[in-house]
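Following: one structure in C-alpha coordinates, then a few remarks.
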Amino acid sequence: MQSRIFDKMNQTLIKTWSCNKLSDRAKGQLKYQLWQDNDDQSFGIALSENESSGGFSTELIKVDQIILSLQKLYQSAKPFHAVALKGLFVGKSVNNASFLGAALVDQGVIRLHPQTARLLEVNDEYELWPISFDDVVQQSSSPFESSHDIKPASGKRGPKPKNQQSTQIDDSDALANVGDENAVHQEPI
108 MQSRIFDKMN QTLIKTWSCN KLSDRAKGQL KYQLWQDNDD QSFGIALSEN ESSGGFSTEL
168 IKVDQIILSL QKLYQSAKPF HAVALKGLFV GKSVNNASFL GAALVDQGVI RLHPQTARLL
228 EVNDEYELWP ISFDDVVQQS SSPFESSHDI KPASGKRGPK PKNQQSTQID DSDALANVGD
288 ENAVHQEPI
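Here the sequence shown is numbered in this note's numbering, starting from 108 and rising by one per residue.
The structure is reproduced here in C-alpha coordinates:
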(Lines of atoms letter the chains of each structure in order from A; the text may use other names.)
(Lines give C-alpha, C1' and ligand atoms only; values in the text may rest on other atoms or scores of the structure.)
Protein backbone atom coordinates (compact mmCIF):
# COMPACT_ATOMS: atom_id res chain seq x y z
CA MET A 108 0.00 0.00 0.00
CA GLN A 109 1.33 3.43 -0.86
CA SER A 110 1.63 6.16 1.72
CA ARG A 111 -1.41 8.38 2.20
CA ILE A 112 -1.63 11.32 -0.18
CA PHE A 113 -3.87 13.91 1.41
CA ASP A 114 -4.90 15.77 -1.73
CA LYS A 115 -3.78 16.77 -5.18
CA MET A 116 -1.98 19.92 -4.07
CA ASN A 117 1.19 20.53 -6.07
CA GLN A 118 -0.22 18.35 -8.86
CA THR A 119 -1.28 19.43 -12.34
CA LEU A 120 -4.26 17.83 -14.04
CA ILE A 121 -3.08 16.66 -17.45
CA LYS A 122 -6.07 14.82 -18.91
CA THR A 123 -9.39 13.18 -18.09
CA TRP A 124 -10.47 10.04 -19.95
CA SER A 125 -13.74 8.08 -20.06
CA CYS A 126 -13.85 4.29 -20.18
CA ASN A 127 -16.22 1.37 -19.89
CA LYS A 128 -16.42 -0.67 -16.72
CA LEU A 129 -15.06 -4.21 -16.71
CA SER A 130 -18.45 -5.92 -16.60
CA ASP A 131 -20.63 -5.99 -19.71
CA ARG A 132 -23.66 -5.67 -17.44
CA ALA A 133 -22.43 -2.49 -15.74
CA LYS A 134 -24.17 0.74 -16.70
CA GLY A 135 -22.54 4.08 -17.31
CA GLN A 136 -18.92 4.94 -17.82
CA LEU A 137 -16.05 5.86 -15.55
CA LYS A 138 -13.82 8.89 -15.75
CA TYR A 139 -10.25 8.86 -14.59
CA GLN A 140 -7.50 11.45 -14.62
CA LEU A 141 -3.78 11.73 -15.25
CA TRP A 142 -2.01 14.07 -12.82
CA GLN A 143 1.63 15.19 -12.82
CA ASP A 144 3.63 16.17 -9.75
CA ASN A 145 4.96 19.71 -10.12
CA ASP A 146 8.23 18.89 -8.31
CA ASP A 147 9.43 15.48 -9.49
CA GLN A 148 7.30 15.31 -12.68
CA SER A 149 6.02 11.85 -11.69
CA PHE A 150 2.55 10.78 -12.77
CA GLY A 151 -0.50 9.58 -10.90
CA ILE A 152 -3.91 8.20 -11.86
CA ALA A 153 -7.09 9.10 -9.98
CA LEU A 154 -10.63 7.88 -10.47
CA SER A 155 -12.87 10.92 -10.83
CA GLU A 156 -16.44 10.02 -11.80
CA ASN A 157 -18.86 7.12 -12.07
CA GLU A 158 -21.84 7.86 -14.32
CA SER A 159 -23.98 5.31 -12.50
CA SER A 160 -24.07 4.06 -8.93
CA GLY A 161 -21.13 2.75 -6.96
CA GLY A 162 -18.77 4.53 -4.60
CA PHE A 163 -15.02 4.86 -5.08
CA SER A 164 -12.01 6.75 -3.75
CA THR A 165 -10.57 9.69 -5.69
CA GLU A 166 -7.10 9.29 -4.22
CA LEU A 167 -4.06 9.69 -6.43
CA ILE A 168 -2.31 6.41 -7.22
CA LYS A 169 1.28 6.90 -8.37
CA VAL A 170 1.99 5.27 -11.72
CA ASP A 171 5.29 3.92 -10.36
CA GLN A 172 3.32 1.99 -7.71
CA ILE A 173 0.94 0.65 -10.36
CA ILE A 174 3.91 -0.53 -12.45
CA LEU A 175 5.43 -2.31 -9.42
CA SER A 176 2.15 -4.13 -8.77
CA LEU A 177 1.81 -5.07 -12.43
CA GLN A 178 5.39 -6.32 -12.46
CA LYS A 179 4.60 -8.82 -9.70
CA LEU A 180 1.43 -9.92 -11.48
CA TYR A 181 3.27 -10.24 -14.80
CA GLN A 182 6.03 -12.33 -13.24
CA SER A 183 3.47 -14.73 -11.78
CA ALA A 184 2.31 -15.39 -15.38
CA LYS A 185 -1.22 -16.08 -14.12
CA PRO A 186 -4.48 -14.29 -14.87
CA PHE A 187 -5.76 -12.28 -11.92
CA HIS A 188 -8.91 -10.66 -10.58
CA ALA A 189 -9.03 -6.86 -10.29
CA VAL A 190 -9.00 -7.24 -6.50
CA ALA A 191 -5.23 -7.82 -6.88
CA LEU A 192 -4.99 -4.03 -7.33
CA LYS A 193 -6.70 -3.34 -4.00
CA GLY A 194 -3.40 -2.81 -2.15
CA LEU A 195 -2.73 0.34 -4.18
CA PHE A 196 -5.55 2.17 -2.39
CA VAL A 197 -5.82 3.64 1.08
CA GLY A 198 -9.59 4.00 0.61
CA LYS A 199 -11.66 0.93 1.32
CA SER A 200 -14.38 1.14 -1.34
CA VAL A 201 -15.10 -2.25 -2.84
CA ASN A 202 -15.17 -0.68 -6.34
CA ASN A 203 -11.70 0.89 -6.26
CA ALA A 204 -9.75 -2.05 -7.67
CA SER A 205 -12.19 -2.94 -10.45
CA PHE A 206 -12.59 0.70 -11.49
CA LEU A 207 -8.79 1.09 -11.64
CA GLY A 208 -8.68 -2.19 -13.59
CA ALA A 209 -11.11 -0.71 -16.12
CA ALA A 210 -8.89 2.37 -16.49
CA LEU A 211 -5.82 0.19 -17.01
CA VAL A 212 -7.65 -1.87 -19.64
CA ASP A 213 -8.58 1.40 -21.35
CA GLN A 214 -4.92 2.45 -21.29
CA GLY A 215 -3.85 -0.87 -22.82
CA VAL A 216 -1.72 -1.83 -19.82
CA ILE A 217 -3.79 -4.89 -18.94
CA ARG A 218 -6.39 -6.82 -20.94
CA LEU A 219 -9.42 -8.97 -20.32
CA HIS A 220 -8.61 -12.68 -20.26
CA PRO A 221 -9.82 -14.20 -23.55
CA GLN A 222 -11.35 -17.37 -22.06
CA THR A 223 -12.38 -16.53 -18.51
CA ALA A 224 -14.75 -13.74 -17.57
CA ARG A 225 -13.60 -11.41 -14.79
CA LEU A 226 -9.94 -12.33 -15.14
CA LEU A 227 -7.26 -9.93 -16.34
CA GLU A 228 -3.77 -10.29 -17.77
CA VAL A 229 -0.85 -7.87 -17.85
CA ASN A 230 0.18 -6.87 -21.38
CA ASP A 231 3.77 -7.66 -22.33
CA GLU A 232 4.75 -4.02 -22.83
CA TYR A 233 3.22 -2.69 -19.59
CA GLU A 234 6.51 -1.05 -18.56
CA LEU A 235 6.35 1.28 -21.58
CA TRP A 236 3.02 2.75 -20.45
CA PRO A 237 4.47 5.81 -18.63
CA ILE A 238 6.38 6.81 -21.78
CA SER A 239 3.04 7.42 -23.51
CA PHE A 240 2.33 10.20 -21.01
CA ASP A 241 4.97 12.41 -22.63
CA ASP A 242 2.71 12.70 -25.71
CA VAL A 243 -0.33 13.36 -23.52
CA VAL A 244 1.50 16.14 -21.66
CA GLN A 245 2.63 17.67 -24.94
CA GLN A 246 -0.91 17.56 -26.36
CA SER A 247 -2.38 19.11 -23.22
CA SER A 248 0.14 21.97 -23.31
CA SER A 249 -0.83 22.86 -26.91
CA PRO A 250 -4.62 22.44 -26.98
CA PHE A 251 -5.13 24.38 -30.22
CA GLU A 252 -3.41 22.10 -32.71
CA SER A 253 -4.67 22.26 -36.28
CA SER A 254 -5.96 18.68 -36.17
CA HIS A 255 -8.55 19.74 -33.60
CA ASP A 256 -9.86 22.57 -35.76
CA ILE A 257 -11.45 20.43 -38.48
CA LYS A 258 -14.52 22.10 -39.97
CA PRO A 259 -17.02 20.76 -42.52
CA ALA A 260 -16.28 21.69 -46.17
CA SER A 261 -19.53 23.67 -46.40
CA GLY A 262 -18.24 26.16 -43.87
CA LYS A 263 -21.16 25.41 -41.58
CA ARG A 264 -20.44 24.27 -38.09
CA GLY A 265 -21.47 20.74 -37.31
CA PRO A 266 -20.90 18.26 -34.53
CA LYS A 267 -17.35 17.14 -34.00
CA PRO A 268 -16.62 13.57 -35.04
CA LYS A 269 -16.56 11.33 -31.99
CA ASN A 270 -12.83 10.71 -32.28
CA GLN A 271 -12.19 14.47 -32.11
CA GLN A 272 -14.20 15.17 -28.96
CA SER A 273 -12.06 16.00 -25.99
CA THR A 274 -12.79 14.48 -22.63
CA GLN A 275 -10.63 16.99 -20.78
CA ILE A 276 -12.22 19.13 -18.12
CA ASP A 277 -11.33 22.67 -17.24
CA ASP A 278 -9.45 23.82 -14.15
CA SER A 279 -12.61 24.77 -12.25
CA ASP A 280 -13.85 21.18 -12.56
CA ALA A 281 -10.43 19.93 -11.52
CA LEU A 282 -10.52 22.07 -8.39
CA ALA A 283 -13.95 20.69 -7.56
CA ASN A 284 -12.44 17.20 -7.63
CA VAL A 285 -9.61 18.10 -5.26
CA GLY A 286 -10.35 16.97 -1.76
CA ASP A 287 -10.07 14.08 0.58
CA GLU A 288 -8.72 11.17 -1.40
CA ASN A 289 -10.72 8.79 0.77
CA ALA A 290 -14.00 10.49 -0.04
CA VAL A 291 -16.53 8.05 -1.34
CA HIS A 292 -18.57 9.34 -4.26
CA GLN A 293 -21.95 7.76 -4.66
CA GLU A 294 -25.10 8.78 -6.45
CA PRO A 295 -28.18 9.33 -4.25
CA ILE A 296 -30.81 6.59 -4.42
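Beta carbons are placed, not taken as given, at the ideal position from N, Cα and C, and that holds for glycine.
Residue i versus residue j - alpha carbon distance
i	j	result
A209	Q136	10 Å
V229	S155	23 Å
Q246	W236	16 Å
I238	S159	32 Å
G162	N203	8 Å
D171	S183	19 Å
I173	L195	7 Å
L167	F187	23 Å
L180	W124	25 Å
K185	V212	17 Å
V244	K122	8 Å
L225	Q140	The sequence as given places Arg at residue 225; Leu does not occur at that position. Going by the C-alpha atoms only, they are around 24 Å apart.
V201	A133	15 Å
T223	V197	29 Å
D242	S248	10 Å
P221	K193	23 Å
Nonlocal neighbours in the same chain, by C-beta distance under 7 Å from residue i, ignoring five residues either side
i	result
T119	W142, Q143, N145
V216	L177, N230, Y233, W236
A191	L180
A189	L129, A204, S205, G208, L227
L175	none
Residue closest to residue i, alpha-carbon to alpha-carbon, out of the options
i	options	result
A153	F240, Q178, G161, K138	K138
N157	D147, P186, C126, L175	C126
F240	T223, A133, Q214	Q214
S164	P221, K199, D242	K199
K128	S205, K115, K122, I121	S205
N117	D147, P221, L175, T223	D147
Same chain, Cβ closer than 6 Å to residue i, five either side skipped, listed in chain order
i	result
L177	V229, Y233
D131	none
Integer Cβ distance of residue i from residue j, believed to fall under 8 Å
i	j	result
L219	L207	That pair is no contact at about 15 Å.
Check: residue i C-beta below 8 Å from any heavy atom of the ligand NAD
i	result
S155	The ligand NAD is absent from the structure shown, which contains no ligands of any kind.
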